[in-house]
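Participant: In my numbering, the protein residues as written are 70 to 387.
Glycine included, each C-beta is placed from N, C-alpha and C at the ideal position.
Fair warning: this is a prediction, and the values are worked out from it, not measured in the lab.
First the structure, which I've put down as structure tokens, then a few questions once you've had a look.
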Ligand SMILES: C[S@@+](CC[C@H](N)C(=O)[O-])C[C@H]1O[C@@H](n2cnc3c(N)ncnc32)[C@H](O)[C@@H]1O
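Written as structure tokens, this is what we have:
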């Protein structure tokens, strides 16, 4: 696949806003049309885990407009946007009696142009898919500068795209998680030193660690039930008031000292003073190592925050 088309595929599945998308340059309209059809519309992953209709309306409108406006090359002088693309786009719109399947580009343009009002509503839940490949990134798949999808893995999440929801930070993936994931992909030994990789998921309330009545229960849970070798945390410091409870929880999870348990915590620096408060309190409780990730290459397309240099990664031990 042309690398520009691959980037478009990644951007589409990660719901990148259309004003930040790059329409491929130097690629023929037929090739882009076929990519949209084969690699997106008719692809089984898309059919099973499509991005939200709300996002798709914007994406397909953008794609159709750009295709229609492409200068027709010599070998593409019969080019028409495939009718399936129009049909799909119109199926996303509230029924409006629009006629589909018109072949004249000028007419298509007019229809497309009035087809959609940009959404101002809160973003709806959506499947979000990320493409990534395990290291080493020695590019065995780059043949004639093409990307071979079979070297990539896909991870799909159903996310709530609102940034604040039910008093918390929304069920979406934040930048620090991507940086942490990139670090773990680049350093797979961090997770595979233990012969037993067992991932535990549960909802904790850190404040239990500083609550005399709930402390014991959390301790039993963390040290006996979970007993994790490594604690991963991403974007867990965003309010100074939460820091003491988080530190107390980490302390419990990393105990006893002899166990050599470690924590890997990725934090996005939004407010330097909040981050500094975490560092100060963490330094009192743990040995803290600031790991400069030097992540050689961004794997994920993150659409909300985007500045990986704002993310700090700390390795902590008792
Ligand atoms: C910005 S989100 C980060 C989510 C995810 N780790 C990521 O990077 O995409 C902050 C997380 O901290 C959790 N959190 C905040 N206060 C908490 C508390 N008192 N106990 C447990 N978790 C808490 C929230 O539930 C939320 O998942």
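Let me know the secondary structure DSSP gives residue 242 once reduced to three states.
Facilitator: The residue labelled residue 242 in the question sits at position 173 within the chain shown. In the structure shown, residue 242 sits in coil (DSSP, three-state: anything other than H, G, I, E or B).
Participant: Would you kindly report the start and end of the unbroken beta strand (DSSP E) that includes residue 381?
Facilitator: Counting from one through the chain shown, the residue named residue 381 turns up at place 312. Segment 380-386, the beta strand (DSSP E) holding residue 381.
Participant: According to DSSP, what are the bridge partners of residue 195?
Facilitator: Residue 195 sits at position 126 when you count from the first residue of the chain shown. For residue 195, which the question treats as bridged, DSSP gives the partners 228.
Participant: Measure the alpha-carbon distance for residue 78 versus residue 109 and round it to whole angstroms.
Facilitator: For the purposes of this step, residue 78 is taken as the residue at position 9 of the chain shown. For the purposes of this step, residue 109 is taken as the residue at position 40 of the chain shown. Looking at the two C-alpha atoms, the distance is approximately 8 Å.
Participant: Could you check the C-alpha separation between residue 132 and residue 75 for me, to the nearest Å?
Facilitator: Walking along the chain shown from the start, residue 132 turns up at place 63. Walking along the chain shown from the start, residue 75 turns up at place 6. Distance between the alpha carbons of residue 132 and residue 75: 15 Å.
Participant: If you check the beta carbons only, do residue 331 and residue 376 fall under 8 Å apart?
Facilitator: Locating residue 331 in the chain shown gives position 262, where the first residue counts as 1. Locating residue 376 in the chain shown gives position 307, where the first residue counts as 1. Their beta carbons are not under 8 Å apart, which means residue 331 does not touch residue 376 by this criterion.
Participant: Cβ of residue 307 within 7 Å of any heavy atom in ligand 1?
Facilitator: Taking the chain shown and counting its residues from 1, one reaches residue 307 at position 238. Yes, the Cβ of residue 307 comes within 7 Å of a heavy atom of ligand 1.
Participant: Ignoring anything shorter than 4 residues or poking outside the segment 117-155, list the alpha helix (DSSP H) runs there in chain order.
Facilitator: The qualifying runs are 122-137.
Participant: Examine ligand 1 and report whether any of its heavy atoms sits within less than 7 Å of the Cβ of residue 274.
Facilitator: Sequence index remark: in the chain shown, residue 274 carries index 205 (1-based). Yes, the Cβ of residue 274 comes within 7 Å of a heavy atom of ligand 1.
Participant: Need the endpoints of the alpha helix (DSSP H) that residue 87 sits in, please.
Facilitator: As a position in the chain shown, residue 87 is number 18, starting the count at 1. Taken as a continuous stretch (DSSP letters only), residue 87 belongs to no alpha helix (DSSP H), as it is neither H nor E.
Participant: Using CA atoms only, rank isn't needed, just tell me which of 254, 197, 118 and 244 is closest to residue 307.
Facilitator: If you number the chain shown from 1, residue 307 lands on position 238. Answer by Cα proximity: 244.
Participant: Following the continuous beta strand (DSSP E) through residue 292, name the residue where it begins and the one where it ends.
Facilitator: Residue numbering aside, residue 292 sits at position 223 when the chain shown is read from its first letter. Premise fails: residue 292 is in no beta strand (DSSP E) and is neither H nor E.
Participant: Cβ of residue 87 within 7 Å of any heavy atom in ligand 1?
Facilitator: For this step, residue 87 is matched to residue 18 along the chain shown. Flag unset: Cβ of residue 87 not near ligand 1.
Participant: The alpha helix (DSSP H) spanning residue 318 covers which residue range?
Facilitator: Here the question's residue 318 lines up with position 249 in the chain shown. From DSSP, the alpha helix (DSSP H) with residue 318 extends over 312-323.
Participant: Note down, in chain order, each residue of its chain lying with its Cβ closer than 7 Å to the Cβ of residue 321, except the 5 sequence neighbours on either side.
Facilitator: To locate residue 321, count along the chain shown from 1; it is residue 252. Same-chain partners within the cutoff: 278, 287, 288, 291 and 292.
Participant: From residue 283 to residue 312, what does the alpha carbon distance come to, in whole angstroms?
Facilitator: For this step, residue 283 is matched to residue 214 along the chain shown. For this step, residue 312 is matched to residue 243 along the chain shown. When rounded, the distance between both Cα atoms is 18 Å.
Participant: Beta carbon of residue 311: closer than 7 Å to some heavy atom of ligand 1?
Facilitator: The residue given as residue 311 occupies position 242 in the chain shown. Residue 311 Cβ: within cutoff of ligand 1.
Participant: Look up residue 251 in the DSSP assignment and say whether it is helix, strand or coil.
Facilitator: Along the chain shown, read from residue 1 onward, the residue named residue 251 stands at position 182. DSSP places residue 251 in helix when its eight states are reduced to three.
Participant: When DSSP labels each residue in this structure, what does residue 217 get in the three-state scheme?
Facilitator: Locating residue 217 in the chain shown gives position 148, counting from the first residue. Coil.
Participant: Please name the residue or residues paired with residue 302 in a DSSP beta bridge.
Facilitator: Residue 302 sits at position 233 when you count from the first residue of the chain shown. Answer is 334.
Participant: Could you tell me if the beta carbon of residue 129 falls within a distance shorter than 7 Å of some heavy atom in ligand 1?
Facilitator: The residue given as residue 129 occupies position 60 in the chain shown. Residue 129 Cβ: outside cutoff for every heavy atom of ligand 1.
Participant: Across which residues does DSSP place residue 223 in a beta bridge pair?
Facilitator: Here residue 223 refers to the residue found at position 154 when the chain shown is read from its first residue. Bridge partners of residue 223: 200.
Participant: Looking at residue 248 and residue 84, is the spacing between their C-beta atoms short of 8 Å?
Facilitator: As a position in the chain shown, residue 84 is number 15, starting the count at 1. As a position in the chain shown, residue 248 is number 179, starting the count at 1. Their beta carbons are not under 8 Å apart, which means residue 84 does not touch residue 248 by this criterion.
Participant: Taking just the CA atoms, how far does residue 162 sit from residue 361?
Facilitator: Here residue 361 refers to the residue found at position 292 when the chain shown is read from its first residue. Here residue 162 refers to the residue found at position 93 when the chain shown is read from its first residue. Distance between the alpha carbons of residue 361 and residue 162: 47 Å.
Participant: Under 7 Å: does the beta carbon of residue 351 sit that close to some heavy atom of ligand 1?
Facilitator: Taking the chain shown and counting its residues from 1, one reaches residue 351 at position 282. No, ligand 1 has no heavy atom inside 7 Å of this Cβ.
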